[in-house]
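Student: One structure follows; several queries about it will come next.
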Amino acid sequence: MTLVDTIAAIVRHELAAVRVTELGVVADVHPHSDASDDDNYGVDVTLKNSGLALKRVPVATGHVGTVAIPNVGDLVLVGFDHGDVNAPVVLGRLYDDRDRPPLSTTDETVFRLPLAEPDDKSVLAAIRNHQDDDPPRELVIQMPPKITVRIVDGVVTVTAGSTEMVLDQAGSSGGKVTVRSGSSSMVLDQDGDVTVESARSVTFKAAQALAIEAGTSVSIKAGTSLTASAGTTATVKGSLTATLQGSAGATVQGAQVSVKGMTFFSP
C-alpha cells in the first residue's frame with residue numbers, strides 16, 4: 001500500500017464518521033404543551049439506515065412564532081451540525097407511499113389535519129392565488145360535512161349545513177349581507193334596505209317594549225285576517241285623519257261608545 005492509498009483510507013474512514021443528512025422516523029414527540037414543562041419543540045427519532053435512536057432532537061421551524069410538531073411515525077429529514085451525530089436537527093418532513101400528500105397544484109397552500117383521517121374527521125384549508133381563475137384569490141376553511149368558510153375578492157361565504165351567510169362588497173358601494181336558512185332569508189343592503197322573507201311564519205317578541213317606526217309610512221297587509229289586541233288600552237290615532245273601513249261591514253263595539261267631534265253618517 002502506497003502513502004497515497006494510506007491517506008485515502010484515512011480520509012474515507014474520517015468521512016464515514018461525518019453525518020450530513022439522514023432519513024428518520026419519529027418515535028415520540030415533545031411539544032411545549034404546558035407553561036410548566038421544559039420541552040422546547042423536539043422529537044425522538046430513529047434513523048432508518050442504522051436504527052440509531054436520537055433523543056429530543058430539536059425541530060427547525062419556518063418562522064419563529066409558529067409550531068407544527070411532527071406526529072409519531074412521520075418520515076423526517078435529520079441534519080447534523082458540522083456533521084456531529086450528537087448535534088442533530090429535524091430539518092423537515094417528507095411524504096412517502098404510505099402518507100400521500102393532499103391534492104394540490106402550484107400557487108396554493110393546502111392544509112389537512114390529520115392527514116390520514118377521512119374528510120368528516122379532518123380540518124381542511126387552502127389558500128390559492130391562480131391568476132387564470134375568476135376570482136384568482138381564494139381562502140377556504142372546511143370542517144366537513146357541514147361547515148365551510150370561503151373568502152374570495154369582495155365576498156365572504158359562511159355555510160353551516162342548509163344555513164348560509166354571504167357578505168358581498170364588490171366595491172365601495174352596493175354592499176350586501178344575505179342570510180339564508182332553508183326557505184327563510186334576510187337581506188341587509190348597504191344603501192339601507194332590509195328584507196326578511198319566510199315560507200311560513202315570522203315572530204317578533206320583546207320582554208318589554210317593542211317599537212316600529214318609519215320616516216314616511218308603515219304598511220301592514222294580511223292575506224286573510226288581521227288582529228291587533230292589547231291587554232288594557234288600544235289607541236289608533238292619525239294627526240290629520242283616521243279611517244276605519246270594511247268592504248262588507250264594520251263594527252265598533254264597547255260597553256260604552258263615545259264619538260267626539262263633528263259626526264256625519266252616510267249610506
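Heads up, the sequence shown is in UniProt numbering, so the first residue is 1 and it goes up one at a time. We put the CB at the ideal spot given by N, CA and C, even for glycine. Because the structure is a prediction, the values reported are computed rather than measured.
Find the nearest neighbour of Gly174 within the set Gln190, Ser181 and Met165, judged by alpha-carbon distance.
Tutor: Answer by Cα proximity: Gln190.
Student: Label His32 either buried or exposed according to how many other C-beta atoms from any shown protein chain fall within 10 Å of its C-beta, with 16 as the threshold for buried.
Tutor: Looking at its Cβ environment, which holds fewer than 16 other Cβ atoms inside 10 Å, His32 is exposed.
Student: Just to confirm, are Val57 and Gly42 a CB contact at a threshold of 8 Å?
Tutor: In this structure, Gly42 lies closer than 8 Å to Val57 by Cβ.
Student: Quick one: which unbroken alpha helix (DSSP H) runs of 4-plus residues sit fully inside the segment 95-135? Chain order, please.
Tutor: Runs found: none.
Student: Would you report the Cα separation of residue 284 and Asp34, rounded to the nearest angstrom?
Tutor: An answer regarding residue 284 cannot be provided, because it is not within the stretch 1 to 267 covered by the chain.
Student: Which term fits Leu54, buried or exposed, when burial requires 16 or more other beta carbons within 10 angstroms of its beta carbon?
Tutor: So Leu54 ends up on the buried side.
Student: Alpha carbon to alpha carbon, what distance is there between Thr105 and Glu138?
Tutor: When rounded, the distance between both Cα atoms is 14 Å.
Student: Going by DSSP, name the residue or residues bridged to residue 271.
Tutor: As displayed, the chain neither begins before 1 nor continues past 267, which places residue 271 out of reach and without an answer.
Student: Quick check on this structure: which residue in Ala125, Val59, Ser266 and Ile141 has the alpha carbon closest to the alpha carbon of Ala87?
Tutor: Among Ala125, Val59, Ser266 and Ile141, the Cα nearest to that of Ala87 belongs to Val59.
Student: Taking the alpha-carbon positions, what's the Pro62 to Val76 distance?
Tutor: It should be pointed out that residue 62 corresponds to Gly in this sequence rather than to Pro. If you take the alpha carbons of Gly62 and Val76, they lie about 15 Å apart.
Student: Relative to the C-alpha of Pro114, which candidate in Ala68, Lys146 and Lys176 has its C-alpha closest?
Tutor: If we check each option's Cα against that of Pro114, Ala68 comes out closest.
Student: By Cβ distance below 7 Å, which residues in the same chain neighbour Pro135 in space, the five residues on each side in sequence not counted?
Tutor: Here the set comprises Val152 and Asp153.
Student: Let me check understanding here. Comparing Cα to Cα, which of Asn40, Lys48, Ala248 and Val252 lies closest to Thr66?
Tutor: If we check each option's Cα against that of Thr66, Asn40 comes out closest.
Student: Is the beta carbon of Leu91 less than 8 Å from the beta carbon of Gly79?
Tutor: Yes, the Cβ-Cβ distance between Leu91 and Gly79 is below 8 Å.
Student: Here's a check: name, in chain order, each residue in its chain whose Cβ is nearer than 8 Å to the Cβ of Gly171, leaving out the five neighbours to either side.
Tutor: Only Gly154 meet the Cβ criterion.
Student: Of the choices Ser36, Val26 and Arg180, whose alpha-carbon is the least far from that of Leu47?
Tutor: Looking at the Cα atoms, Val26 is the closest of the given residues.
Student: Which same chain residues end up closer than 7 Å to Asp81 when comparing Cβ atoms and leaving out the 5 residues on each side of it in sequence?
Tutor: Only Ala87 and Val89 meet the Cβ criterion.
Student: Quick check on DSSP: helix, strand or coil for Leu75?
Tutor: Residue state, collapsed to three classes: strand.
Student: Skipping 5 residues on each side, what residues in its chain have a beta carbon closer than 7 Å to that of Leu210?
Tutor: Correct list, in chain order: Phe204.
Student: Using only the alpha-carbon positions, how far apart do Leu52 and Pro70 sit?
Tutor: Taking the straight line from one Cα to the other gives about 19 Å.
Student: Thinking Gly182 and Ser162 are a contact (beta carbons under 8 Å), I'd like their distance in whole angstroms, please.
Tutor: Indeed, because the Cβ distance is near 5 Å, the residues count as touching under 8 Å.
Student: What is the DSSP secondary structure of Ala53, reduced to helix, strand or coil?
Tutor: Strand.
Student: So, for Val72: in the same chain, excluding its five sequence neighbours on each side, which residues have a beta-carbon less than 7 Å away from its beta-carbon?
Tutor: So the qualifying residues of the chain are Val26, Ala27, Asp28 and Val29.
Student: Please state the DSSP three-state secondary structure of Thr195.
Tutor: DSSP places Thr195 in strand when its eight states are reduced to three.
Student: Relative to the C-alpha of Val218, which residue among Arg200, Asp119 and Gly238 is closest?
Tutor: Among Arg200, Asp119 and Gly238, the Cα nearest to that of Val218 is on Gly238.
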